[in-house]
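Protein sequences, first through last, are from chains A and B.
Counting in my numbering, the first sequence runs from 1 upward without gaps.
Counting in my numbering, the second sequence runs from 1001 upward without gaps.
All C-beta atoms, glycine included, are put in the ideal place defined by N, C-alpha and C.
To keep things clear, I will list the structure first and then write my remarks on it.
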Amino acid sequence: MENKDLSIEFCGVECENPFFLASAPIANNYEMIARALDAGWGGVVFKTVGFFVADEVSPRFDQIKKEGTPFLGFKNLEQTSEYALEKNLSEMKKIKEDYPNKVLIASIMGQSETEWTELAKLVTAAGADIIECNFSCPQMADNKLGADVGQNPELVKSYIAAVVQGTDLPVLAKMTPNLGSMVPPAVAAMEAGATGLAAINTIKSITSVDIGNLAPAPLIKGKSSVSGYSGKAIKPIALRFIHELASYPKLEGVPISGIGGIESWRDALEFILLGARNLQVGTAVMQYGYRIVEDMISGLSHYLAEQEVDSLEELVGAALENVVPANQLDRDHIVYPQIEQEQCIGCGRCYISCQDGGHQAIGWSKTRTPSIIEDKCVGCHLCAQVCPVGVITEGKIKAKLA
Amino acid sequence: MKKLTLDLAKQEASKCLLCYDAPCVQACPANLNVADIIRSLRFDNLRGAKKELIADHFLETTCADLCEQKKYCKNACLRAKLDDAVQIEELHKFVLNLSFQGEKVLDNGK
Chain A
1 MENKDLSIEF CGVECENPFF LASAPIANNY EMIARALDAG WGGVVFKTVG
51 FFVADEVSPR FDQIKKEGTP FLGFKNLEQT SEYALEKNLS EMKKIKEDYP
101 NKVLIASIMG QSETEWTELA KLVTAAGADI IECNFSCPQM ADNKLGADVG
151 QNPELVKSYI AAVVQGTDLP VLAKMTPNLG SMVPPAVAAM EAGATGLAAI
201 NTIKSITSVD IGNLAPAPLI KGKSSVSGYS GKAIKPIALR FIHELASYPK
251 LEGVPISGIG GIESWRDALE FILLGARNLQ VGTAVMQYGY RIVEDMISGL
301 SHYLAEQEVD SLEELVGAAL ENVVPANQLD RDHIVYPQIE QEQCIGCGRC
351 YISCQDGGHQ AIGWSKTRTP SIIEDKCVGC HLCAQVCPVG VITEGKIKAK
401 LA
Chain B
1001 MKKLTLDLAK QEASKCLLCY DAPCVQACPA NLNVADIIRS LRFDNLRGAK
1051 KELIADHFLE TTCADLCEQK KYCKNACLRA KLDDAVQIEE LHKFVLNLSF
1101 QGEKVLDNGK
């Protein structure tokens, strides 16, 4: 496998690659984390610790499938660490002793300013490289914890200030996506002394309702709760928030750890291009295991070699200038779709979608051949989206009549 | 081929391109609307799929077997131009064997 130098600095800490385990069931103890680091992960966010010890439900997961593809989206009711704080701290210490060149991020969650300060002191003493403040777990059983903290800039500010008091380590604020704009709590975190931001945590969700039992899944003695949604399905929402943070002038240059639906090197690169310089993976590891990092490292290495890019650093935020408000997009031209007739198999899906979801601009012949009717076509390219063969491409461009 | 489970049947049904004016239906000498039956399977309407199959044809319980040698529908399947034809006869047998217990789907008919 290709293995280029993927090292990148994050919050002042040198990382051998940007791929980290997210604070999740996948980073629950020393033994799991050691195996992940051996597999090639650059670092790990140890599953959130606090004075609160989680007492979990069973079962605790659900998923969204579509047409035989499982795990498009994943719902999780698990809270923070189920182990006592002392055990977690001693395991963190052992990780740093055994893996001094890997990066350990300690995720913490307190219930008061005093607790946040105390936790910061404890994980600093345990040898963590960075602290991540979990302001955003949607399924905490106690109201003082969890997602709603991250919606409140004042609380974020006071808790970050409390953490900074207890440590000299870089501090990350992990943001909730369960709000309209992430900017106010992000700015509050930075003003209070945070070093960087991590986004996104899971999205509050009900993935499905069991129609036999009249309750959402998973059923826990006939009941269920709203809880966090993750996996590939949330990537578009995560990318939107990464862009929002990275492009906000007051947050310019703030280091961002990108999280949300990353499964492949390509997903990871998309986060980097929108401004992330570190990446966290959770759900994909739950589905496929730690080994997926090998293809992330190799795939990204091949890309760098192919593009003749020497350092990941050069790619951070490289796509940001091409995200513009919708009123700045060109509206003066029509790009007509073009059907590669030799490769068309004549299924007629383009015809159906244009009839029912477009502008009735595709003709259909007895020989099962679709054709574009130019005076009706608006160039929406729904036909290209539905074509199962991918043989509808961009054809000629016409200026709209004034 | 092993008997399909519900998940495998749905996966197989998802291979169907959902053609306009489906060639598989046009090819069937017995006029079985297999495209609609597969679409019902695809969109999770299992009871509908079974009802459609039984209502559509007096040979419903045997035609998948009788047709085994000919496979007119499968030979017309456009998916074969991409990789392999949809296993229409397997889906047919699967739908035939479906039975229900409340909201529970019994995919082996027992």
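- Contact between Asn278 (chain A) and Phe10 (chain A) holds, since their C-beta atoms are separated by about 4 Å, short of 8 Å.
- Setting aside the 5 residues that flank it on each side, His302 (chain A) is surrounded in the same chain by Glu2, each with a C-beta closer than 6 Å to its C-beta; the list follows chain order.
- Residue burial annotation: Tyr351 (chain A) is buried, with at least 16 other C-beta atoms found within 10 angstroms of its C-beta.
- Legend: CB atoms of the stretch 321-351 of chain A lying less than 7 Å from CB atoms of chain B belong to residues Ile345, Gly346, Cys347, Gly348, Arg349 and Tyr351.
- Under the 10 Å beta carbon count, Leu1046 (chain B) is surrounded by 16 or more other beta carbons and is classified as buried.
- Cα atoms of Val378 (chain A) and Ala361 (chain A): separation of roughly 8 Å, rounded to the nearest angstrom.
- Against chain A, the beta carbon of Leu1078 (chain B) has neighbours under 7 Å at Ile345, Gly346 and Cys347, listed in chain order.
- Taken in chain order, the whole beta strand (DSSP E) runs of length 3 or more contained in the stretch 42-71 of chain A are 43-49 and 61-66.
- Scanning the stretch 315-370 of chain A for uninterrupted beta strand (DSSP E) segments of 3 residues or longer gives 333-339 and 362-364, listed from N- to C-terminal end.
- For Val293 (chain A), no beta strand (DSSP E) encloses it; the enclosing alpha helix (DSSP H) starts and ends at Ile292 to Gln307.
- Listed along the chain, the chain B residues whose CB falls inside 9 Å of the CB of Pro185 (chain A) amount to none; the nearest CB is some 40 Å away.
- For Ala384 (chain A), the CB contacts under 6 Å within the same chain, skipping 5 residues up- and downstream, are Pro337 and Ile392 in chain order.
- Per DSSP, Gln1011 (chain B) is one residue of the alpha helix (DSSP H) stretching across Leu1006 to Ala1013.
- Measuring C-alpha to C-alpha distances from Gly42 (chain A) to each of A:Val209, A:Glu306, A:Val13 and A:Ser90 identifies A:Val13 as the nearest.
- Under the Cβ criterion (8 Å, minimum of three pairs), the stretch 288-302 of chain A does not count as touching the stretch 227-246 of chain A.
- Given a length threshold of 4 residues, each whole run of the alpha helix (DSSP H) inside the stretch 151-239 of chain A is given here in chain order: 153-165 and 183-191.
- Per DSSP, the continuous beta strand (DSSP E) segment holding Lys1104 (chain B) begins and ends at Lys1104 to Leu1106.
- A distance below 8 Å separates the beta carbons of Val44 (chain A) and Ile33 (chain A).
- Taking one beta carbon from each stretch, the stretch 1031-1043 of chain B and the stretch 86-105 of chain A have fewer than 3 pairs nearer than 8 Å; the two do not touch.
- At least one C-beta of chain A is nearer than 8 Å to the C-beta of Glu1103 (chain B).
- Secondary structure of Thr80 (chain A) (DSSP, three-state): coil.
- The beta-bridge partner set that DSSP reports for Cys133 (chain A) consists of A:Ile108 and A:Ala173.
- Ranked by Cα distance from Ala161 (chain A), the first of A:Ile334, A:Gly282, A:Thr114 and A:Ala198 is A:Thr114.
- No residue range can be given for Ile373 (chain A), since it is assigned to no alpha helix (DSSP H) and is classified by DSSP as neither H nor E.
- Across the set A:Lys66, A:Cys387 and A:Gly395, the C-alpha of A:Cys387 shows the shortest separation from the C-alpha of Tyr1020 (chain B).
- Nearest neighbour of Leu122 (chain A) by Cα position, chosen from A:Val149, A:Gln79, A:Leu169 and A:Glu154, turns out to be A:Leu169.
- Beta-bridge partners assigned by DSSP to Cys1073 (chain B): none are found.
- Interface with chain A (8 Å Cβ-Cβ cutoff): Tyr1020 (chain B) is included.
- Interface flag for Trp116 (chain A) against chain B is unset, since no Cβ pair is found closer than 8 Å.
- In the same chain as Arg349 (chain A), and ignoring 5 residues on each side of it, the C-beta atoms closer than 7 Å to its own belong to Val386, Cys387 and Pro388, in chain order.
- Contacts with chain A at 8 Å (Cβ-Cβ) include Lys1010 (chain B).
- For the C-beta of Ile211 (chain A), the chain B residues within less than 7 Å are, from N- to C-terminus, Glu1103.
- Distance from the CA atom of Asn322 (chain A) to the CA atom of Ile242 (chain A), rounded to whole angstroms, is 14 Å.
- The distance from the Cβ of Ala215 (chain A) to that of Lys4 (chain A) is about 50 Å, inconsistent with a contact at the 8 Å cut-off.
- Residues of chain B with a Cβ closer than 7 Å to the Cβ of Val389 (chain A) are, in chain order, Leu1082.
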